[in-house]
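Remember, this note's numbering sits 16 above the position in the sequence shown when you count from 1.
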Amino acid sequence: MSLSQKDVLSLREMRPDEMTLILDRAQEMKEVLSRPIKKVPTLRGKSVVTMFFENSTRTRMSFEMAAKTLSADVTGFAASTSSLAKGESLKDTILTLSAMAADAFIIRHSASGAAHFIARNTGAHVINAGDGTHEHPTQGLLDILTIRLHKNRIEGLTVAIVGDIAHSRVARSNVWGLTKLGAKVRLIGPETLLPAEVRQLPVEVFTDLQEGIRGCDVVNVLRIQLERQEAGLFPSQREYAQKFGINKNVLRLANPDVLVMHPGPMNRGIEITPDVADGEFSVVTEQVTNGVAVRMALLYLLLGGSGDATTH
Ligand code: CP
């Protein structure tokens, strides 16, 4: 089995069996990453171009490490020193790079829909590495993989996503991915940080943290996106931390084996206390490790790796 579409742009558009395929492959890729020599020839001769128009540590580095582990050639496109700065359009930029025979583009952009636009203008594969407030499908997949590795299932779990839902592409990808695989999702946040369409999503909505977190199997804590806040969405960071910050006391309301997740980067002391971020229930660094495996799996499935992806 392979993926049905040329591109990976959103989990809303992905079938559940395709998600399961990616998660299964990612578990195999984790074995490659545990070897002393982390290199397989699977994608030798393939070229991957990373195009990050917004800052990133985890996603950019893990895509680069994933592609290099599979022996693909990786080229980073720097927007600020490119001809975009001389007024060249995004469409002409993509046509130009496609003409250099790039096999895949990894796109992060502040505009929702940017990855779809690029996908329509190239024959190469496009992976959305986060577009505006729309989706971040590989983050959704790595979050789901992390949950699956701990709980051995997704179906029937209750997952709370807490915080700045309105600005969160991570929340949207998690909602689509988790609900398609049978989990119940609760979105928790102040009314001002819930998107207008929230009650059309297949989720339960809570504006009271204590009520929402009760009996959850997983608490996924979102970053307050200080760079995307319009004025007045919450009174102060201090008040946000008091009402919606995840601390040890509120976590006691969740199930005893709760997983605490955060996509990063964390605002310690605002949406999560340092003792919870580093505590016994936290799987934040495991999420990062699983991100490399998920991105290896996707590159392998899209770029036509044949045979056993994990062969020496
Ligand atoms: N989770 C995430 O997307 O992190 P980066 O912005 O560092 O890539």
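Glycine is no exception: its CB is placed at the ideal position from the N, C-alpha and C atoms.
Quick caveat: nothing in here was measured; it's all calculated off a predicted structure.
If contacts are defined as beta-carbon pairs under 8 Å, then residue i and residue j qualify, I think. What distance do you get, rounded to the angstrom?
i, j, result
"asparagine 265", "alanine 176", "Not confirmed; about 16 Å, so no contact."
"lysine 63", "aspartate 89", "Position check: residue 63 holds serine in this sequence, whereas lysine was assumed. With a Cβ gap of about 5 Å, serine 63 and aspartate 89 count as contacting."
"threonine 195", "proline 211", "No, threonine 195 and proline 211 are not in contact; Cβ-Cβ is about 16 Å, not under 8 Å."
"arginine 185", "threonine 149", "6 Å"
"leucine 267", "phenylalanine 297", "7 Å"
"valine 299", "methionine 277", "6 Å"
"valine 56", "leucine 19", "With a Cβ gap of about 20 Å, valine 56 and leucine 19 do not count as contacting."
"isoleucine 74", "glycine 280", "A quick correction: the sequence has arginine, not isoleucine, at residue 74. With a Cβ gap of about 6 Å, arginine 74 and glycine 280 count as contacting."
"threonine 109", "serine 98", "7 Å"
"valine 178", "leucine 238", "6 Å"
"isoleucine 181", "leucine 225", "Incorrect: roughly 13 Å between the Cβ atoms, too far for contact."
"isoleucine 204", "glycine 228", "4 Å"
"histidine 183", "glutamine 253", "In fact, because the Cβ distance is near 15 Å, the residues do not count as touching under 8 Å."
Under a Cβ-count criterion, where at least 16 other Cβ atoms within 10 Å of its own Cβ denotes burial, should residue i be classed as buried or exposed?
i, result
"methionine 17", "exposed"
"methionine 45", "buried"
"isoleucine 134", "buried"
"glutamate 47", "exposed"
"glutamine 303", "buried"
"isoleucine 9", "This structure cannot speak to residue 9, because the chain is shown only from 17 to 328."
"glycine 295", "exposed"
"arginine 164", "buried"
"threonine 58", "buried"
"serine 189", "buried"
"arginine 169", "exposed"
"methionine 67", "buried"
"glutamate 104", "exposed"
"glutamate 255", "exposed"
"leucine 111", "exposed"
"alanine 101", "exposed"
"aspartate 273", "exposed"
"alanine 115", "exposed"
Excluding the 5 residues preceding and the 5 following residue i in the sequence, name in chain order all residues of the same chain whose CB lies nearer than 7 Å to its CB.
i, result
"glycine 193", "Leu27, Met35, Gly156, Leu157, Ile160"
"valine 310", "Ile38, Ala42, Thr154, Leu157, Leu158, Leu161"
"lysine 167", "Leu173, Asp233"
"glutamate 207", "Thr223"
"alanine 257", "Gly285, Ile286"
"alanine 313", "Ile38, Arg41, Ala42, Met45"
In the DSSP assignment, what are the bridge partners of residue i?
i, result
"asparagine 144", "Ile123"
"phenylalanine 297", "Phenylalanine 297 is not bridged to any residue."
"phenylalanine 260", "Answer is none; phenylalanine 260 lacks a bridge partner."
"leucine 275", "Val234"
"arginine 284", "Ile288"
"phenylalanine 222", "Ile204"
"valine 24", "Ile143"
By Cβ distance below 6 Å, which residues in the same chain neighbour residue i in space, the five residues on each side in sequence not counted?
i, result
"lysine 200", "Thr174"
"alanine 130", "Asp147"
"leucine 318", "His141"
Which residues in the same chain as residue i place their Cβ atom closer than 8 Å to its Cβ, once the five residues preceding and following it in sequence are excluded?
i, result
"tyrosine 316", "Arg41, Met45, Thr58, Leu59, Leu86, Ala325"
"serine 72", "Arg124, Ala145, Gly146"
> Quick one: complete alpha helix (DSSP H) runs, 4+ long, within the stretch 30 to 96?
Replying inline: Correct list: 32 to 49, 74 to 85.
>> Please give me, in chain order, every unbroken run of the alpha helix (DSSP H) with length at least 4 that falls completely inside the stretch 184 to 220.
In response: As far as the stretch 184 to 220 is concerned, its whole alpha helix (DSSP H) runs of at least 4 residues are 185 to 196.
> Which ranges would you report for the beta strand (DSSP E) in the stretch 142 to 182 if only whole runs of at least 3 residues count?
Replying inline: Complete beta strand (DSSP E) runs here, min 3: 174 to 178.
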